[in-house]
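In the working numbering, the protein residues as written are 12 to 98. Right, one structure below, let's go through it.
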Ligand SMILES: [Zn+2]
């Protein structure tokens with residue numbers, strides 16, 4: 012078998028794409044770490060092989076909230092499964 016990964020950009024047609032990633036980012040203003048668990052916090056129609064933003068939100072108190080973006084890239088690769096790996 013031979014697999015060629017073309018790395019073309021494409022969009023996953025999933026309105027609520029949940030994925031096993033945990034993304035942590037510090038609020039640029041308070042330096043407080045905000046954690047996003049992408050198993051719960053879905054990405055809508057994610058782009059593959061093309062950078063996109065994850066939006067972060069930090070509510071420091073009743074009057075102040077901070078918002079910022081982190082640029083990420085989702086890679087999908089097709090590989091031959093190692094023999095005996097059925098996990
Ligand atoms: Zn903040």
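Backbone N, C-alpha and C fix where the C-beta goes; we use that ideal spot for every residue, glycine too.
- The C-alpha of residue 54 is placed about 7 angstroms away from the C-alpha of residue 29.
- In this structure residue 33 is in contact with residue 46, their Cβ atoms being roughly 6 angstroms apart against a cut-off of 8 angstroms.
- Taking C-alpha positions only, residue 27 is separated from residue 88 by approximately 21 angstroms.
- In the three-state reduction of the DSSP assignment, residue 64 falls in the strand class, which pools E and B.
- Note on geometry: alpha-carbon atoms of residue 52 and residue 66 lie some 11 angstroms from one another.
- By the neighbour-count definition (other C-beta atoms within 10 Å, threshold 16), residue 62 is an exposed residue.
- Residue 58 is positioned such that its CB atom lies closer than 7 angstroms to that of residue 22.
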